[in-house]
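What follows is a short report on a single structure.
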Amino acid sequence: MTGQITTAVFRPSGKTVRVPSGTNLLDLMRRIDIDLAATCGGKGKCGKCKVKIEEGAEELPSPTETELQHLLPQEIKQHYRLACSIAIPLVPYFVVKTSSTNFMEMKLQTEGRLVAVTPDPAVSKHLIELADSLPSDEETLLNTLREKYGLECTFDYEALANIPAAGLHGKGLVTCVVYDRRSVVAVEPGDTTLNCLGFAADIGTTKLALYLMDLLTGKELASSASPNPQAIYGDDVMSRIAYSLTDKSNNAVLQKAVLKEVASLVRTCCTKAGLKPKWIYEGCFVGNPCMVHFLLGISARSLAFFPYRNVFRKGMTLRARELPVRLNLHPAARLHVLPLIAGFVGADTVAARLAVEKDTSAEIEMLLDIGTNTEVLLSDENGSMACSCASGPAFEGMHISHGRKADSASIEKVWIDPATLDVRFQTIDGAKPAGLCGSGIASVIAELLKVGIL
Numbered sequence: 346m347t348g349q350i351t352t353a354v355f356r357p358s359g360k361t362v363r364v365p366s367g368t369n370l371l372d373l374m375r376r377i378d379i380d381l382a383a384t385c386g387g388k389g390k391c392g393k394c395k396v397k398i399e400e401g402a403e404e405l406p407s408p409t410e411t412e413l414q415h416l417l418p419q420e421i422k423q424h425y426r427l428a429c430s431i432a433i434p435l436v437p438y439f440v441v442k443t444s445s446t447n448f449m450e451m452k453l454q455t456e457g458r459l460v461a462v463t464p465d466p467a468v469s470k471h472l473i474e475l476a477d478s479l480p481s482d483e484e485t486l487l488n489t490l491r492e493k494y495g496l497e498c499t500f501d502y503e504a505l506a507n508i509p510a511a512g513l514h515g516k517g518l519v520t521c522v523v524y525d526r527r528s529v530v531a532v533e534p535g536d537t538t539l540n541c542l543g544f545a546a547d548i549g550t551t552k553l554a555l556y557l558m559d560l561l562t563g564k565e566l567a568s569s570a571s572p573n574p575q576a577i578y579g580d581d582v583m584s585r586i587a588y589s590l591t592d593k594s595n596n597a598v599l600q601k602a603v604l605k606e607v608a609s610l611v612r613t614c615c616t617k618a619g620l621k622p623k624w625i626y627e628g629c630f631v632g633n634p635c636m637v638h639f640l641l642g643i644s645a646r647s648l649a650f651f652p653y654r655n656v657f658r659k660g661m662t663l664r665a666r667e668l669p670v671r672l673n674l675h676p677a678a679r680l681h682v683l684p685l686i687a688g689f690v691g692a693d694t695v696a697a698r699l700a701v702e703k704d705t706s707a708e709i710e711m712l713l714d715i716g717t718n719t720e721v722l723l724s725d726e727n728g729s730m731a732c733s734c735a736s737g738p739a740f741e742g743m744h745i746s747h748g749r750k751a752d753s754a755s756i757e758k759v760w761i762d763p764a765t766l767d768v769r770f771q772t773i774d775g776a777k778p779a780g781l782c783g784s785g786i787a788s789v790i791a792e793l794l795k796v797g798i799l
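Numbered per the numbering used here, the sequence shown spans residues 346 to 799.
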């Protein structure tokens, strides 16, 4: 009987919720942010959403054909099931144990090559003393900006509303934050002229990475990375597009999931740097076209079908306050999205091209951005050509029985003795092995070639 209330308990997280019986287990886990691999997006094809039912298993129907294909007989005897294939039964307590190693424990790299730049930020900060000689504080600030700094400015409404409190707490000294030499976007108490921050964020299919930058010096102040929380709706872009199309509200679900994680990364970076998030006035986002569409809450339906058209291609700028989730930065901060190229070649490829500091080259060069979605850029003196391919199935285990992302239990390196063919391996953190990540797969192939098996 469905619709009556069951208490669902999840271990090891400890989360407990009361839900109507008949609720799909994977759908519930997504709603309450329980981390679980669901590579295929819940279609019953990958077998990765395996859980152990510790209480209430006897009330479940027999395993489905899909479960029989993906679960070993001993696993079924131990009450392992696929979360996508079962509905919560009507029992007093339904206790579910998830793997202690999941996609949220991935090992993520943020280090890379930094390009030396001469900063010329669009944001500038100017210290001004409020005076009583003019009829309004607005006139005092605008006159000083004009006469002392050569700026013809107007006020954003929110900046205007901040003047009284800023003047009071700054004891007559305030800092005007000016964008593009013409808009006063904030008025802050006291002297904050040295605190002028921005960030760069890479919205990857698997990983989010954010870098906190000093806009005045061009130096990186902190960085942080996390798994893309959209992964519970599917590991690859097509699975997430399919999820977004199953219900009109799902596009917003995907957008809010990634924006909340960006906000968390902003918080983490500012804590590391000992700086305030409200001093962030500019940000830049890159990602493949699908991730950028989801970031902006724009349907990626057209990317699901040939000829894989984007809704937009040009870069755009919006304000932080326009997004449905607060990002822990100044609400007037300008957020830039780099342009997309075509198909699944997007803003991340544009960023990679900028990072190598070349527009054209007399030599033929190839740039590879290897990720869940991989881009290949071939360039010479006449220009560049780009294409993309899905590397997730090869490097993240989507269609490999023991493939997995780079977490602590993943085999990352393999050695084969050429004389005895004995095999040694290394997991990322020395944990008990649970499968192979991408570097492990590459290592196996290299060793098999080396000893002549392949």
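Note that the Cβ used here is the ideal one computed from N, Cα and C, for glycine as well.
For this session: Out of 576, 497, 550 and 468, state which residue places its alpha-carbon closest to the alpha-carbon of residue 559.
Result: 468
Problem set entry | Residue nearest to residue 354 in terms of C-alpha spacing, selected from 405, 439, 403 and 406 | 439
For this session: Take residue 755 as the anchor and find which of 471, 788, 627 and 408 has the nearest alpha-carbon.
Result: 788
Exercise. By Cβ distance below 6 Å, which residues in the same chain neighbour residue 673 in space, the five residues on each side in sequence not counted?
Worked result: 608, 611, 612 and 622
Exercise. Hey, out of 795, 581 and 748, whose CA is closest to residue 766's CA?
Worked result: 795
Problem set entry | Three or more C-beta pairs below 8 Å linking the stretch 658 to 678 and the stretch 589 to 606 | yes
Problem set entry | Proximity of residue 655 and residue 693 at Cβ, strictly below 8 Å | no
Exercise. Which stretch, first to last residue, makes up the beta strand (DSSP E) that contains residue 369?
Worked result: No beta strand (DSSP E) contains residue 369, which DSSP labels as neither H nor E.
Exercise. Between residue 799 and the rest of its own chain, which residues show a CB-CB distance below 8 Å, the 5 nearest in sequence each way excluded?
Worked result: 790 and 793
Problem set entry | Presumed contact (8 Å Cβ cut-off) between residue 731 and residue 722, rounded CB distance | 5 Å
Problem set entry | Top-ranked residue by Cα proximity to residue 573, from 351, 374, 768 and 382 | 382
Problem set entry | Those runs of the beta strand (DSSP E) which lie wholly inside the stretch 716 to 789 and span at least 3 residues | 718 to 725, 728 to 735, 755 to 761 and 768 to 772
Problem set entry | Meets three-Cβ-pair contact criterion under 8 Å: the stretch 422 to 433 and the stretch 394 to 401 | yes
For this session: Could you please give me the residues that DSSP links to residue 572 through a beta bridge?
Result: 552
Exercise. Between the C-alpha atoms of residue 772 and residue 785, what's the straight-line distance to the nearest angstrom?
Worked result: 9 Å
For this session: Kindly indicate the opening and closing residues of the beta strand (DSSP E) around residue 531.
Result: 528 to 534
Problem set entry | Opening and closing residue of the beta strand (DSSP E) in which residue 796 lies | Note, residue 796: premise wrong, no beta strand (DSSP E); not H, not E.
Exercise. Grouping DSSP H, G and I as helix and E and B as strand, with all else coil, what is residue 605?
Worked result: helix
Exercise. Per DSSP, residue 713 is paired with what?
Worked result: 721
For this session: Can you tell me which of the three DSSP states residue 403 falls into?
Result: helix
Problem set entry | Range covered by the alpha helix (DSSP H) that runs through residue 638 | 634 to 640
Exercise. Excluding the five sequence neighbours on either side, which residues of its own chain have a C-beta within less than 6 Å of the C-beta of residue 508, listed in chain order?
Worked result: 482 and 532
Exercise. Nearest-angstrom Cα distance between residue 762 and residue 778?
Worked result: 20 Å
Exercise. What are the boundary residues of the alpha helix (DSSP H) that residue 489 is part of?
Worked result: 482 to 494
Exercise. If you draw a straight line from the alpha carbon of residue 576 to that of residue 491, how long is it in whole angstroms?
Worked result: 50 Å
For this session: Over the uninterrupted beta strand (DSSP E) stretch that includes residue 653, give me the two end residues.
Result: Taken as a continuous stretch (DSSP letters only), residue 653 belongs to no beta strand (DSSP E), as it is neither H nor E.
Exercise. Who are residue 800's beta bridge partners in DSSP?
Worked result: With the chain represented from 346 up to 799, any question about residue 800 goes unanswered, as that position is not in the structure.
Exercise. Are the C-beta of residue 783 and some C-beta of chain D separated by less than 8 Å?
Worked result: Judged by its chain identifiers, the structure shown contains no chain D, having just a single protein chain.
Problem set entry | Euclidean distance between Cα positions of residue 373 and residue 392 | 18 Å
Exercise. According to DSSP, is residue 394 helix, strand or coil?
Worked result: coil
Problem set entry | Check: residue 571 C-beta below 7 Å from any heavy atom of the ligand ADP | What this structure holds is no ligand at all, so the ligand ADP is not there to describe.
Problem set entry | residue 470, DSSP secondary structure in three states | strand
For this session: Measuring alpha carbon to alpha carbon, tell me which of 586, 604, 405 and 416 ends up nearest residue 746.
Result: 416
Exercise. Taking C-alpha atoms, which residue in 512, 436 and 496 lies nearest to residue 520?
Worked result: 512
Exercise. In whole angstroms, what is the alpha-carbon distance linking residue 388 and residue 649?
Worked result: 16 Å
For this session: Specify the secondary structure class of residue 446 as computed by DSSP and reduced to three states.
Result: With a pLDDT of 48 at residue 446, under the threshold of 50, the modelled position of that residue is not reliable, and the figure given next carries that caveat. Coil at residue 446, not helix or strand.
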